[in-house]
Structures are given as C-alpha cells and as structure tokens.
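Protein chains: 2
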Amino acid sequence: MASLRAAARLRPAVTRITKSSPRFYGAAAAVKSSPSSGEQPFFPDEPAGPTVKTAIPGPQSKKAIEDLHKVFDTRSLNMLANYEKSYGNYIADPDGNVLLDVYAQIASIPVGYNNPSLHKVALSEKMASALINRPALGNFPSHDWADVLRSGILKVAPKGLDQVFTAMAGSDANETAYKAAFMWRRQQERGGAHVEFTEEDMASSMLNQAPGAPQLSILSFKTAFHGRLFGSLSTTRSKPIHKLDIPAFDWPQATFPLLKYPLEDYVEENARIEAEALADVERIITTHHLPPCAVVIEPIQSEGGDNHASPAFFRGLRALTKKHNVLMIVDEVQTGVGATGKFWAHEHWNLETPPDMVTFSKKAQTAGYYFGNPEMRPNKPYRQFNTWMGDPARALLFRAIIEEIERLDLVSNTAKVGEYLYGGIEQLAKQYPGEFMNLRGKGQGTFIAFDSPRRDEFLKKAKSVGVNIGGSGERAVRLRPMLIFQRHHADMLLEALEKIVKS
Amino acid sequence: MASLRAAARLRPAVTRITKSSPRFYGAAAAVKSSPSSGEQPFFPDEPAGPTVKTAIPGPQSKKAIEDLHKVFDTRSLNMLANYEKSYGNYIADPDGNVLLDVYAQIASIPVGYNNPSLHKVALSEKMASALINRPALGNFPSHDWADVLRSGILKVAPKGLDQVFTAMAGSDANETAYKAAFMWRRQQERGGAHVEFTEEDMASSMLNQAPGAPQLSILSFKTAFHGRLFGSLSTTRSKPIHKLDIPAFDWPQATFPLLKYPLEDYVEENARIEAEALADVERIITTHHLPPCAVVIEPIQSEGGDNHASPAFFRGLRALTKKHNVLMIVDEVQTGVGATGKFWAHEHWNLETPPDMVTFSKKAQTAGYYFGNPEMRPNKPYRQFNTWMGDPARALLFRAIIEEIERLDLVSNTAKVGEYLYGGIEQLAKQYPGEFMNLRGKGQGTFIAFDSPRRDEFLKKAKSVGVNIGGSGERAVRLRPMLIFQRHHADMLLEALEKIVKS
Chain U
1 MASLRAAARL RPAVTRITKS SPRFYGAAAA VKSSPSSGEQ PFFPDEPAGP TVKTAIPGPQ
61 SKKAIEDLHK VFDTRSLNML ANYEKSYGNY IADPDGNVLL DVYAQIASIP VGYNNPSLHK
121 VALSEKMASA LINRPALGNF PSHDWADVLR SGILKVAPKG LDQVFTAMAG SDANETAYKA
181 AFMWRRQQER GGAHVEFTEE DMASSMLNQA PGAPQLSILS FKTAFHGRLF GSLSTTRSKP
241 IHKLDIPAFD WPQATFPLLK YPLEDYVEEN ARIEAEALAD VERIITTHHL PPCAVVIEPI
301 QSEGGDNHAS PAFFRGLRAL TKKHNVLMIV DEVQTGVGAT GKFWAHEHWN LETPPDMVTF
361 SKKAQTAGYY FGNPEMRPNK PYRQFNTWMG DPARALLFRA IIEEIERLDL VSNTAKVGEY
421 LYGGIEQLAK QYPGEFMNLR GKGQGTFIAF DSPRRDEFLK KAKSVGVNIG GSGERAVRLR
481 PMLIFQRHHA DMLLEALEKI VKS
Chain B
1 MASLRAAARL RPAVTRITKS SPRFYGAAAA VKSSPSSGEQ PFFPDEPAGP TVKTAIPGPQ
61 SKKAIEDLHK VFDTRSLNML ANYEKSYGNY IADPDGNVLL DVYAQIASIP VGYNNPSLHK
121 VALSEKMASA LINRPALGNF PSHDWADVLR SGILKVAPKG LDQVFTAMAG SDANETAYKA
181 AFMWRRQQER GGAHVEFTEE DMASSMLNQA PGAPQLSILS FKTAFHGRLF GSLSTTRSKP
241 IHKLDIPAFD WPQATFPLLK YPLEDYVEEN ARIEAEALAD VERIITTHHL PPCAVVIEPI
301 QSEGGDNHAS PAFFRGLRAL TKKHNVLMIV DEVQTGVGAT GKFWAHEHWN LETPPDMVTF
361 SKKAQTAGYY FGNPEMRPNK PYRQFNTWMG DPARALLFRA IIEEIERLDL VSNTAKVGEY
421 LYGGIEQLAK QYPGEFMNLR GKGQGTFIAF DSPRRDEFLK KAKSVGVNIG GSGERAVRLR
481 PMLIFQRHHA DMLLEALEKI VKS
C-alpha cells in the first residue's frame, strides 16, 4: 500500500481548475508525466483531477432543479449534469464542479463522456439516416442491417450464441427473453415446432387463461434485479420500493448464496452455502406449482447489493438446468461489455455449454438478447415482434463502442486497473477496520464493491472530495468506473476513499 | 368522384424513373404543375410517382434477405428497404423499386423519409452530445432537460396534462402508466400519500403476494392492442398469435362497440351497441374479482382492425370512470401526433375533464405518458424509475418533428387531405360493391380503413402497383400515410386502389 499511496501523493488528487485556465481541459500535464504507472492517458485532454467549487448541488443547480421539478419528478435526482462540459472520466455540473465519475450513469457509459471516436460516428450521415428514418425492423429492415449486426452487436456475441433479438433497454431485453423461453417450453410440450396450436390454446390465450396463457414461471433469485416492467419486476427481488403496489406473477425465487468475506477465510462454509442454494433451485424446479421454464441470473447481483458467487456455483446451476430441461438466461445488463475484465462476465465461469440466452443493455447503449439454439426462434412469425424492435441508431453507436474497446484494448485495461484498485482498497480495509467491509470483486475487473457502515453518508461525502460514486442494496458502495478508467484515476479514487473515512 | 378521377388521370400515377435520370429525385415537375389542387408540394424533390422495376422482393432483396435471415428472424419481413434512397412519402428498396408509402413503418414516420429539417437536427452538436452522453435521466438529468421538455414534448401536451414521464416505446409507455395507476389506487386505499407502507405491504411485495402485490387489474377492451410485454400484453386482445404461450394476468376485458357501417344507416343500432358496451364496462368495474384501477383505451383500435367508436361513447366512458373512481388512460401510441386531423385523437371527443393519462410513441419517435394530476406522481422517489427513462436524443428529434408540423401546418393538412381521400374511397366503394367494405375514419384525418374480402392478396397487389399499404385485424386495409401526404398523393393512392380491385 505504501508504494501506491506514495505514487498517488506525487500530485494533488483534487486540483482546482480556475476560470482563467486557458482551456477547460488543459491541465493534463500532470497526468502525462505521472511516473507511477508509465501509462499513456486515453484522454490526453482530460482534467488532471476533480474540481469542487461549491456544495453539490450548488446555487445554479438548485435553481435549475427547482425549475425542472415543475415538469419532471426530480426526487431521485442525484446530481444535475452539464454534459457539454463533461469529458472522459469526469462529469461536470452547472456550478463548475467536475467530479471523477465512477458511477457512470448507473454503469452505462462505456468509453467516456464526449468520446471523440463516438462523437465522429454520432455526426455521420449513417447515424443521421438511422435517426430520422427509424424502421419497423421486423417488417422493413434496412438493406445493410445484416452488416450492422455482424460488424457490431454480433461481433461480440458470447461464444455459442450467434443470433440476436434487439430491444430497447434492460427490462424489455429480459422480458423478450422470457417470452422466448415460454414459447420454447410450450412448443416442446406440444411435441415440436410443426405441431399446430389447438383451438383451446387460441381461445384461452385471448382470455388470459391457461392453457393458452400457461401456468409456467421464470425462476429468479432473492435480491436479484432484472427490470421494472410487469414480467421483469416479477423476477426482481431487490427492494420493496421497487415492487410495492405493482401486481406480480406468483413466480418463485431461489436463495442466492450470500458468501462470507474474505473468501479465503470461509472456503468450506461458502461451499456449503452455495450447495444449499443449488439444492433450493432444484427443489423449486421440481416442486413449484408454476413450473419454471427458465432460470434467470445475474453474474453479479448488482442492484441487489453486489452479491457474487463462485464459478463453481454457476457451473452447478448450468448442470441443474440441463438436467431438468430448464433454460438458463444470463442477465448481463450491468455486468456485460467489459467491466469485469472479460467482455461478458459469464466467461469467468468456463461453462461446458453456453447459456441459452444472454441479455444486454447499459454499456452497449442498446439492448437485446443473444441466443444460439434455433429453437429459441418461435415456430411462427409475429410471435416475438414489436414495431421498432430496437434502434439502428443505437446499434451503430454500439459498433463504435466496440471499435473503441478494441482499439484501446479496454477489456484488458479494465482487468489490470481493477486488480490494482482492488489491491488498494484491500490495503485501506486493513488500515481502517470496519470501514471497507466485505470487499468483493477480486479478479472481476473494476466491478468492485464493499459495505460501508454509513453508506449514504459515505456517498454524499464522496462528492465533496470530488468523486461521484453509487450504492447498491442496503449498504454497498459499488464502483462502476468506465472502461477508460486508468491507474492514475485509481490512485485518485483511493485517496478520495481514504479522505471520506478519515473525515 | 368523376372530378377526382379526372384530376388523377392528368399524369400517370406510376412513373418509371430510369437510371439515366439526371437526379434520382428529379422528376417533380409533374407534381409542381399539378393543376388539380393548386397545392405546393412539401417535398419539391420528391419523385413524381412510384417506380416498380421488379417483383417485390426483387433479386437483390432476395439475396440480402437470405443473408440477413442467418442472424435475424426475417419471417415477418414485409419489404427490405434502402433508406438512403427513400424520400418524403416514398420508400425505396435495393432493386430500385420506389413505392408510395402509406404504411410508414407501422404509422411511425411523421414527416417523411430523409426530412431535411430533421436531417439538420440529427447532424447537430446537441444531438451528438445526447447520443454519446446518454444520461440516467432520473439521477443525472442534463441542466437543459427542462428546456428540452418544455420546448418539445410538453409543448404538445394534451390539454390539462402538464407533466410527462418519458419511456422508450409504446409497451413500456403503457406499462409505466399502469404502474402509476396501481400506485395511485393503493395510495388512496391507504388514506393518502403521507401514510407509510405497512410491514405486511413490504414483506408481501417481495414475495409477489398481496397486499404488497395487489389483487387489482387494468380493464381493457376486446380487440385492443396496448403492447407485447407481460403487463401490456395482458391488456392486449388483438390476435392469438400475439398472446399464445405467454403467461398473463387475469385482467378483464370489456366489449368494444363494433359499429355497423355506413354509420348513417345504423344510428339507433350503433347507439344501442355503444350503450351495451358501456354497461359491460360498468358491470366489470363493479363486479370483477380483481377490481380495475384504470381503464385503458385506444381512440381508434388500430392493430385490432381499425375499430372506431363515437365521441359520445368516450364521453360516457369518462363519466363512468369518474363515477367509479377509476382512472382513464388513453393510449395514443398509434393515433397521436396528428394523423387523425387533430394533434391528439381524443381532442375529437370534447371531454369535460381530461383523461388521467395519455400515452404516446410511434410518430413521436420517443415514448412516454402525459398526466396532469400531481397524485400520479408516486409518494416516494424510486417507485417509478429505471436507468434511462427515455432518450434525450429522441426527445430532441420529437422537438424537431413538432417544429416541422407547425412550420408546414401538417395537422390541418392531414385533416383536409384525409377528407379528400375519404371522399375518394367512398366513391370507389360505390363503384366497386363489396371491395371497400365498412369504410371508416370519416373526419379522422388520414386514419382511414376499410375491409377487403381478400385482404392479404390486396396488400400484395398494392406493391405491384407502386403502393406500400398495411393491414390490421383480420381483414382491414389500414391507411397510415405520413403527415406530409398531400392531395396529389391521395390521387395516386386512389388510382392504385382502383387498379388493385380491377385486376
């Protein structure tokens, strides 16, 4: 830790950029000359560090928020932003505050604010056409849609999954995957794709009754989060405030293995916890009154408090789903696109057979689900369909994001910087007992979290020392930096974390 | 009719544009000099008429579709498009075919392909920033979000509704409106916004059980369409193929008044049909085992077959919902933004009090729901929330669409052209008995439909005479031209309709 801290001290972590600076983002020399890492900054013009000029929200922000509230609910507002002045890892506000952003729009900004490569694509004729000639993709796809898919979304498809159904956001990505699962199961029960629906199927479906609207379920896990529309919310089990007063399907939830930390001290106990969780899954699959046709799971439960499980657990889950002819849907909405040091978090598991479906959104800036098995295509057209079925403009943007990730080797960067950052917080945890509890995310890139005894206060204080951080669950501080987060940013973040607990 | 037809005959409705034409869209002289209407074309460079060079799909399209099918389900494909060559009311394909498009991406293109005003906005720095710095709107809205809302989405808010919740597409626009309705009702049952949730509410909600997940419903109508996610699909009653194999809530459906045409011949009978439908609504509201907290209704049932009801019916429905303390959600996803000759179709009804919520998508190129009553804002933050909560890029586009609608007075245009077109089809219906049945949409702009005895064949033939038309329900031909559809386009369409039934 001493060497890390020494390196961080070589320059002030919080630099004030004055109004008289010749360029707003002109103070990068300190970064470039940083001797600690020898790294080249991805954004040479990035600020050298955060600037905190006022309390947040400051007077300008307060005025604007009050005005916004008249037409838009601002009670969940965290910070009013000025995106024109945000750059790279830094988010700006109307009061001239510039924070190191390790929350990144709830884990959704992949390659930095105002990324120049993305900016170029955004201003291209292809993008303009995609924006103003938005097709009903299922009916009138563009002649180059196959090319856009192959050179973008499908280029990064998880191993074994060569098809995609495009959607709009995480919730409908999951719900369309659930729909595919229900159709697959019922098709199987009927005896195959060639078997026609019965009159009873058709008539009862129109009445929202079985067998047309089947008595089946999706199995999810306690403390899971899969979205907030009616089907996805029925699989979400994060917090009451997410679910209260909304009708839900009587779908089951299995125990998620809540591991004890540090992992090395609880090897046997954690193995037992995971075995019990798998037994719970099997019990539900074999006994629930609404048989699950699929299990949906996040590689790391994100909204639910950053809960991890071992690769062995996920392999065990895969084996169970295979054994009982249940589909496995991996929800990579928050974990996907590089943040865990692999492009897809489930690559950490070394599964023998790929998941049946993998859903994505957030850092992809578009959404949908991948699948490999042709049986996931329903037996007739118009069963899985809607007007837009995604957004080609966002598909073009995802392609540009993928190119930027490849050009700068950002998945490797995230793996390496994550390791460095994890080591730093591990040291802090020893230095400040009880302040950084249950540190988790080792070997998972920058997808790191810890529990704080005064979490909400911790997050508030973070802003005052120049960092924008988010929470998850009841007491976790979750780190979700962008993929362009580098060692010198990690140094600044470590210094800030220490300041927060020392103050 | 004679005068209409004569005008249409002044120039060929189907003009072949040869490869040697100096400009692809250069043949507009005929349009400009059209003596029948004296109108100025909105798109002076638009083709003078359709070009049909090959069967559709032609050889180029067939090749590309086969390739696309390897990675994307093309079984619902209607026509492969080339959007770079589409312009105004005309959609082009890879084989050089250019069709007059009166389907417009399932009623979703408002002001023409490659509209120059939209093109300019799409290439602006503001748009680029919105695309590449996509915020989590509920947490980190941009400092100018209030301005974007006020100068765009809210500028066209229905009377009495001054708030908006932004979403991504029609389905989630409806589902978030449903969520607002459930929260409103439960809040009322608890005794107001200040009353806290009980422990039982919270605990049971996490188990998907009542009272936390309440035994309440949304009431919709037979043959309605409100989307295809789990909650919205439970209110959709269009066709079995939309609903089969998907679990559904046991929510009720009321009879929609299926009127008889021509209306003037069935005044009394239709009044009785509507009275019975209202009685059915009241019966369900007062007796259903899952009490409805809201009624959702389309001003014109669109996917379900273009079913209309009278303003008196909707006023009666409003009175019933008021009487029984049930919310009225008007789903203007397909009818909204000008197509019926009013900006919102429900303006035709002269309601005494505005609907509680109005949902929108499609021609708005973004989505969400309007509301006026502050009680539709849940009592706590994070109850109605998701990561993106819409898309500022699409909000900027909607603003540009609104400006274009105002600049060209397109709602009035649509009212006038719709009247002209309706008159033309009325004549055709007399001339060709049994071919244009149950003509509907009088006074509803270009939102016109009729039943065809051989509907699917009719739609296929339309392409061969240069027109792209869509169907709805089992046998309706639905016209959904853009708002820039003019009298000379109507003449071409009328000529094409006649050709189809004559062939």
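The listed protein sequences derive, respectively, from chains U and B.
The first sequence begins at 1 in the UniProt record's numbering and counts up one residue at a time.
The second sequence begins at 1 in the UniProt record's numbering and counts up one residue at a time.
Beta carbons are placed, not taken as given, at the ideal position from N, Cα and C, and that holds for glycine.
Assignment of P116(U) by DSSP, reduced to helix, strand and coil, places it in the helix class.
Assigned with DSSP and collapsed to three states, S151(B) falls in coil, not helix or strand. A Cβ of chain U is located within less than 7 Å of the beta carbon of K179(B). With respect to chain B, the C-beta atom of N78(U) has a partner C-beta closer than 7 Å.
CA-CA distance, G138(U) to F385(U), rounds to 7 Å. Close to Y382(U), with beta-carbon spacing below 7 Å, are these residues of chain B in chain order: S76, I241.
About 5 Å separates the beta carbon of A181(U) from that of L327(U), a gap short enough to meet the 8 Å contact definition.
Secondary-structure assignment with DSSP links M328(U) through a beta bridge to V295(U). Among the residues facing chain B, L244(U) is included, as its CB has a counterpart in that chain under 7 Å away. Secondary structure at H346(B): helix, using DSSP grouped into helix, strand and coil.
Interface with chain U (7 Å Cβ-Cβ cutoff): Y113(B) is included. Residue environment for G192(B): exposed (fewer than 16 other C-beta atoms within 10 angstroms of its C-beta).
Look at E189(U): its C-beta is not under 7 Å from any C-beta on chain B. In the structure shown, N413(U) falls within a helical segment according to DSSP collapsed to helix, strand and coil.
Using a CB distance cut-off of 7 Å, E175(B) counts as an interface residue toward chain U. Of all residues in the segment 351 to 373 of chain B, only K362, Q365 come within less than 7 Å of chain U when Cβ atoms are compared, listed by chain position.
Collapsing the DSSP output to three states places D101(B) in a strand. Look at R440(B) here: in three-state DSSP terms it is strand. Around the beta carbon of R134(B), 16 or more other beta carbons sit within 10 angstroms, so the residue counts as buried. CA-CA distance, S76(B) to V164(U), rounds to 15 Å.
With respect to F42(B), I484(B) sits close: the two C-beta atoms are nearer than 7 Å. Spatial neighbours of T54(U) in its own chain (CB-CB distance under 7 Å, excluding positions within 5 residues in sequence) are listed in chain order as D95, N97.
For F182(B), the three-state secondary structure derived from DSSP is helix. Taking a contact to require three or more Cβ pairs closer than 8 Å, the segment 223 to 236 of chain U and the segment 273 to 282 of chain U do not qualify as touching. A straight line joining the alpha-carbon of M168(B) with that of D451(B) spans about 32 Å. Taking C-beta separations shorter than 7 Å and ignoring five residues to either side along the sequence, the partners of K179(B) in its chain run Q384, following chain order. Residue-level contact by beta carbon fails for D456(B) and chain U, as no gap is shorter than 7 Å. Excluding its 5 nearest sequence neighbours in each direction, S503(U) has C-beta neighbours in its own chain below 7 Å: K461, listed in chain order.
With respect to A81(U), D93(U) sits close: the two C-beta atoms are nearer than 7 Å. Comparing alpha-carbon positions, the option among L421(B), R478(B), W388(B), G418(B) lying closest to D172(B) turns out to be W388(B). At a cut-off of 7 Å between beta-carbon atoms, P94(B) makes contact with chain U.
With a cutoff of 7 Å on beta-carbon distance, P240(B) and M202(U) are scored as near each other. Per DSSP, the unbroken alpha helix (DSSP H) holding E66(U) starts and ends at 59 to 69. Proximity of N325(U) to chain B, defined by a Cβ-Cβ separation below 7 Å, is not satisfied. The C-beta distance from V411(B) to P110(B) rounds to 11 Å, too long to meet the 8 Å contact threshold. Beta-bridge annotation (DSSP): V501(B) is not paired with any residue.
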